[in-house]
Amino acid sequence: MPDLRGTSNFCARYSIIGLIFMTMVAMLLTYQPFFIGGIENLERATRNAYGAIGTFLFTLILSVVYLVLDVLKSGGGGRGRGGRDSGNFGRSMPPMDYDMVPTNNSSSWMVGGGDRILQQHNANLDLPLSVEQAHFT
């Protein structure tokens, strides 16, 4: 079953883009219809463009109302349904442990943080001689 919250997010974003586009089309049909070729019935095309604006606006309002009610129903506090962080667009993030950093092997972790990696690999942070002597104009 699809996630209704994710669907509402998608519909709200899609409706915003549709509103912007159809408003431009409706303004063109109203004020400068000669820029749009191939229209046989200008009044009907203009009426349909404004109808599409109304449909996008209705979808946007419905999606936003659902999203607000969903946040209020789940207790607010910045967390949506299922304990997900709503500030992260619905993606759940694992808790971060900053004392452990990934090594070259993606499945292994090294304890000690970034300082230990620098010590272990004997990182040379000096610039090569060719870069030191370069002249940038």
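Going by our numbering, the residue at position 120 of the sequence shown is 635; the numbering climbs one at a time, nothing skipped.
Backbone N, C-alpha and C define an ideal beta-carbon position, used for all residues, glycine too.
What you are looking at is a predicted structure, and each value in this text was computed from that prediction instead of being measured.
Taking 9 Å as the cut-off, the beta carbon of Leu544 is found no closer than this to the beta carbon of Ala527. The beta carbons of Thr574 and Tyr529 sit closer together than 9 Å.
Around the beta-carbon of Arg520, 16 or more other beta-carbon atoms lie within 10 Å, marking it buried. When DSSP assignments are scanned along the stretch 525–580, no uninterrupted stretch of beta strand (DSSP E) that is 3 or more residues long falls wholly within it.
Within the same chain, Met537 come within 7 Å of Ala567 by CB-CB distance, once the 5 residues on both sides are set aside. DSSP places Ser589 in the coil class of the three-state scheme, outside both helix and strand. Of the other Cβ atoms in all chains shown, fewer than 16 fall within 10 Å of the Cβ of Ala649; this residue is therefore exposed. Straight through space, the alpha carbons of Ala541 and Gly553 are spaced by roughly 15 Å.
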